[in-house]
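The structure appears right after this line, and notes come after that.
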Amino acid sequence: MRDVKVSLVGYGIVGHGVVEVLNRKKKLLRDMGLNLKLVSVTDHTGTVVSEGGIDAEKILGERTLQNVATTSMKGKEAILAIDSDLVVEVTPTNIVHGQPGLGHMEAALSSGKHVVTSNKGPLVVAYSRLEELARDNGVMLKFEATVGGTMPLISLVERTLVGNTFYGIRGIFNGTCNYILTRMAEEGIPYTHALSEAQDLGIAEADPSYDVEGVDTAGKVVILANSLFNMNIKYSDVDVTGITGVTPEALALAKKRGYVIKLIGDVPALTVRPTLVPIGSPIAVAGTLNSAAIYTDLSGTITVTGLGAGSIETASAILSDIISIYRTKRIDAIF
Amino acid sequence: MLIKNSTQALFPLNGTEDPGIMRNAMRLSMDLELQDIPGQLMLALQPLRDSKANIISVVHHRDRKTPRGMIPVRFVVEMDRSRLETVKKQLADSGISVVRAGEDRFIEAISVVLVGHILDSDLGDTVKRIDSTGFAEVMDLSLTMPGVDEPSSAYLRIRATGKAEIQKALTILREVGSEKKLLVIEPIEAEAV
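The listed protein sequences correspond, in order, to chains A and B. Just so you know, the first sequence maps onto residues 46 to 380 in this note's numbering. Just so you know, the second sequence maps onto residues 20 to 212 in this note's numbering.
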């Protein structure tokens with residue numbers, strides 16, 4: 046049995062999902078030979094620490110850690126002070142400066158801790174620096190949950206399809222935009238109506254600009270370009286157009302000719318734009334689903350689809366990243 | 020890992036060609052010169068009609084009279100290639116001079132949707148910018164205008180003489196779009212990696 050001490054930083058929707066999933070999968074993980082012990086959970090109000098492992102039931106009912114924190118340590122301080130093998134970083138994303146996640150990841154990696162994250166900001170701002178930091182310290186940085194939520198994409202390209210040459214990846218990487226465009230097409234309603242419907246359902250934020258202006262999708266394009274295509278690009282290298290200008294009439298005209306309009310992110314073109322996609326194309330998924338088509342030389346086109354957001358769904362991508370760190374079979378480790 | 024400029028184009032999402040497109044139809048443009056007297060245009064049309072040519076456009080350049088007082092007319096037709104010599108001979112026999120007759124093969128076509136103030140930003144000019152290239156043209160256009168101050172939406176089908184020309188036409192359209200603040204929604208299959 047391998048004991049792994051896990052620290053969780055960030056206790057929002059995804060953080061709650063991580064606590065629940067780790068708790069729910071305890072037996073399965075033990076059967077695999079992994080004893081994942083959640084030794085600390087940190088948010089903006091403080092930290093709960095328990096060397097023997099935090100009782101999930103005790104904190105899952107709390108929206109923040111305010112009433113259950115055992116220490117006032119936060120952020121980097123907590124990461125450096127608490128003895129752990131792996132840090133799960135799930136604080137809110139900021140694509141401009143990457144903070145606070147960037148500082149958290151740097152602290153964790155430079156003190157020899159693996160990092161698993163769903164936080165796009167630090168990767169968009171400083172992917173190569175973080176990757177180098179991980180390499181120098183002999184630890185891993187895993188971020189499957191940053192692109193397409195639970196939909197397997199990064200591990201699919203890095204592991205399953207390894208050996209192929211990759212020509213590009215195109216897809217729908219934002220469930221909010223996809224929901225809005227789907228509803229506009231289905232009901233012939235204007236953008237603003239579909240947006241308020243999405244807001245009522247909790248699919249869109251009160252300030253939806255991050256999603257609908259294409260910022261979120263562009264961040265994912267940056268992550269894919271840097272991590273899978275070694276392109277070393279910045280956010281400003283992506284040509285971004287959001288969905289706010291799309292009209293129900295445009296959707297109707299497109300439909301008449303056999304197309305839907307989707308917000309498509311494209312690597313290596315580095316574009317995010319509303320795009321005509323043939324109805325029936327495997328990437329033309331509806332509702333809040335995400336999708337990605339991976340173009341390869343040997344395997345042809347591989348298309349995946351899945352839920353791009355959600356507490357438990359995102360946590361599932363984090364869980365498989367954690368497991369993969371401890372199940373790595375390296376080529377040079379065979380002999 | 021990434022291969023740039025790969026010869027293997029990425030068109031995996033095809034499958035929605037408009038059935039109406041005659042992909043391999045012989046498309047001709049013909050420059051004729053007519054005398055400035057009544058009945059000449061009818062005379063010029065007769066041989067085309069006899070050869071079952073489908074007339075795509077006729078442009079009568081009355082304002083561009085030649086020094087000899089002739090009126091240039093450009094026909095664009097779709098017809099059977101083998102009939103071309105017959106048509107030319109019949110035209111010559113009717114006293115109409117054929118200045119030029121050449122094949123224009125528009126073999127590629129794509130769909131584009133525009134959103135914005137399409138009419139107010141001079142739709143005629145937008146179309147002309149594509150048509151005037153000589154290698155591409157707007158062949159179908161539908162416009163929806165929901166209200167006076169609201170953005171309108173248009174569907175355009177553009178055809179061109181080849182894949183590279185389609186890309187050039189799209190580049191022009193993108194430029195026009197950013198100039199006139201129009202949202203240009205391109206098809207996913209038109210872009211190759």
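All residues carry an ideal CB built from backbone N, CA and C; glycine is no exception.
Which residues of chain A have a Cβ atom closer than 7 Å to the Cβ of I126/B, listed in chain order? Translated into positions along the second sequence, residue 126/B becomes position 107. What I126/B touches in chain A: nothing, since even the nearest Cβ is about 19 Å away.
To the nearest angstrom, how far is it from the Cα of I199/A to the Cα of S365/A? On the first sequence, position 154 is the one that residue 199/A refers to. On the first sequence, position 320 is the one that residue 365/A refers to. Those two C-alpha atoms are separated by around 12 Å.
Within its chain, find whatever has a CB closer than 6 Å to the CB of L334/A; leave out the 5 residues flanking it on each side and keep chain order. Along the first sequence, read from residue 1 onward, the residue named residue 334/A stands at position 289. Same-chain partners within the cutoff: T350.
By how many angstroms is the C-alpha of V330/A removed from the C-alpha of I324/A? For the purposes of this step, residue 324/A is taken as the residue at position 279 of the first sequence. For the purposes of this step, residue 330/A is taken as the residue at position 285 of the first sequence. About 9 Å.
Less than 7 Å between the beta carbons of L226/A and I306/A, yes or no? Along the first sequence, one-based indexing puts residue 226/A at 181. Along the first sequence, one-based indexing puts residue 306/A at 261. Yes, the Cβ-Cβ distance between L226/A and I306/A is below 7 Å.
For L186/A: DSSP bridge partner residues: Mapped onto the first sequence, residue 186/A falls at position 141. Beta-bridge pairing links L186/A to V160/A.
Look at I357/A and R215/A and say whether their C-beta atoms are less than 7 Å apart. Against the first sequence, residue 357/A aligns to sequence position 312. Against the first sequence, residue 215/A aligns to sequence position 170. No, Cβ-Cβ distance for I357/A and R215/A is not below 7 Å.
Who pairs with I204/B in a beta bridge, going by DSSP? Translated into the one-based positions of the second sequence, residue 204/B becomes position 185. I204/B pairs with V132/B.
Proximal residues of chain B, C-beta to C-beta of Y236/A below 9 Å: For the purposes of this step, residue 236/A is taken as residue 191 along the first sequence, with counting starting at 1. None at all; the shortest Cβ gap to chain B is about 10 Å.
A354/A beta carbon less than 7 Å from that of L321/A: In the first sequence, counting from the first residue as 1, residue 321/A sits at position 276. In the first sequence, counting from the first residue as 1, residue 354/A sits at position 309. Taking 7 Å as the Cβ cut-off, L321/A and A354/A do not qualify as a contacting pair.
Would you mind working out which of V96/B, E169/B, Q54/B, V106/B sits nearest P86/B, comparing C-alpha positions? Residue mapping note: residue 86/B aligns to position 67 of the second sequence, counting from 1. That would be Q54/B, whose Cα lies nearest to the Cα of P86/B.
Compute the Euclidean distance between the alpha carbons of T92/A and N112/A, then round it to the nearest angstrom. Taking the first residue of the first sequence as position 1, residue 92/A is located at position 47. Taking the first residue of the first sequence as position 1, residue 112/A is located at position 67. Each residue's alpha carbon lies about 10 Å from the other.
Endpoints, alpha helix (DSSP H) assigned at I217/A: Within the first sequence, residue 217/A is the residue found at index 172, counting from 1. Taken as a continuous stretch (DSSP letters only), I217/A belongs to no alpha helix (DSSP H), being part of the beta strand (DSSP E) at 211–217.
Pop quiz: K165/A and T191/A are said to be a contact at Cβ under 8 Å. What is the actual Cβ separation, rounded to whole angstroms? Here residue 165/A refers to the residue found at position 120 of the first sequence. Here residue 191/A refers to the residue found at position 146 of the first sequence. Going by Cβ atoms, the distance from K165/A to T191/A rounds to 5 Å, so yes, they are a contact pair.
Using a threshold of 7 Å, state whether the C-beta atoms of F188/A and L175/A are closer than that. On the first sequence, position 143 is the one that residue 188/A refers to. On the first sequence, position 130 is the one that residue 175/A refers to. Contact: no.
Can the beta-carbon of D261/A be found closer than 7 Å to that of L315/A? On the first sequence, position 216 is the one that residue 261/A refers to. On the first sequence, position 270 is the one that residue 315/A refers to. No; because the gap between Cβ atoms is not below 7 Å, this pair is not in contact.
I367/A to R75/A span [Cα, whole Å]: By 1-based counting over the first sequence, the position of residue 367/A is 322. By 1-based counting over the first sequence, the position of residue 75/A is 30. Using only the alpha carbons, I get a separation of about 14 Å.
Could you please tell me which residues of the segment 85–118 of chain A, in chain order, have their CB closer than 8 Å to any CB of chain B? So nothing in the stretch comes that close.
Could you tell me whether any Cβ in chain A is nearer than 7 Å to the Cβ of I207/B? Here residue 207/B is taken as the residue at index 188 of the second sequence, counted from 1. Interface residue, yes.
Flag this pair as touching only if the segment 287–296 of chain A and the segment 269–278 of chain A have three or more C-beta atom pairs under 8 Å; answer yes or no. Not touching, per the Cβ criterion.
Using 7 Å as the limit for Cβ to Cβ distance, is L202/B near chain A? Walking along the second sequence from the start, residue 202/B turns up at place 183. Output row for L202/B: interface = yes.
Which parts of the segment 135–203 of chain B are runs of the beta strand (DSSP E), unbroken and 3 residues or longer, counting only runs that do not cross its ends? 155–163, 171–179
Quick check: what's the CA-CA separation for V59/A versus K182/B? The sequence position of residue 59/A within the first sequence is 14, counting from 1. The sequence position of residue 182/B within the second sequence is 163, counting from 1. A straight-line Cα-Cα distance of about 46 Å links V59/A and K182/B.
Candidates M276/A, G194/A, F218/A: which alpha carbon is nearest A362/A's? In the first sequence, the residue the question calls residue 362/A occupies position 317. Closest by alpha carbon: G194/A.
Taking H159/A as the reference, which of R318/A, V312/A, K50/A, M77/A has the closest Cα? The residue labelled residue 159/A in the question sits at position 114 within the first sequence. Closest by alpha carbon: K50/A.
In chain B, what lies closer than 9 Å to Y172/A by C-beta? Translated into the one-based positions of the first sequence, residue 172/A becomes position 127. In chain order: nothing, as chain B lies at least about 15 Å away.
Taking the CB atoms as reference points, tell me whether V117/B and K107/B lie closer together than 7 Å. Within the second sequence, the letter at position 98 stands for residue 117/B. Within the second sequence, the letter at position 88 stands for residue 107/B. Closer than 7 Å, so yes.
Keeping to the same chain, check which residues put their C-beta closer than 6 Å to that of M215/B; ignore five residues upstream and five downstream. Beyond the ends of chain B as shown, which are 20 and 212, falls residue 215/B; an answer cannot be given.
Is DSSP giving S281/A helix, strand or coil here? In the first sequence, residue 281/A corresponds to position 236, counting from 1. Correct three-state label for S281/A: helix.
Exposure of N43/B, with buried meaning 16 or more beta-carbon neighbours within 10 Å: As a working mapping, residue 43/B is identified with position 24 in the second sequence. Because N43/B carries a pLDDT of 42, less than 50, the predicted location of this residue cannot be relied on, and the following value inherits that uncertainty. It is exposed - the Cβ of N43/B has fewer than 16 other Cβ atoms within 10 Å.
Considering just the uninterrupted stretch of the alpha helix (DSSP H) at S101/B, what are its terminal residues? As a first step, residue 101/B is located in the second sequence; it is residue number 82 there, counting from the start. Per DSSP, S101/B belongs to no alpha helix (DSSP H) and is neither H nor E.
Between the Cα of R47/A and the Cα atoms of E65/A, V54/A, L81/A, which residue gives the shortest distance? Along the first sequence, read from residue 1 onward, the residue named residue 47/A stands at position 2. Nearest in C-alpha terms to R47/A, of all of E65/A, V54/A, L81/A, is L81/A.
Just reading off the alpha helix (DSSP H) that F94/B is part of, what are its end residues? Indexing the second sequence from 1 puts residue 94/B at position 75. Looking at the DSSP string, F94/B is not in any alpha helix (DSSP H); the run it does join, the beta strand (DSSP E), is 90–97.
Straight-line CA distance for G332/A to R318/A? Within the first sequence, the letter at position 287 stands for residue 332/A. Within the first sequence, the letter at position 273 stands for residue 318/A. For G332/A and R318/A, the distance between alpha carbons rounds to 18 Å.
If you draw a straight line from the C-alpha of L160/B to the C-alpha of E177/A, how long is it? To locate residue 160/B, count along the second sequence from 1; it is residue 141. To locate residue 177/A, count along the first sequence from 1; it is residue 132. Their backbone Cα atoms lie some 53 Å apart in a straight line.
Is it the case that the Cβ atoms of V312/A and V257/A are separated by a distance below 7 Å? Residue 312/A sits at position 267 when you count from the first residue of the first sequence. Residue 257/A sits at position 212 when you count from the first residue of the first sequence. Taking 7 Å as the Cβ cut-off, V312/A and V257/A do not qualify as a contacting pair.
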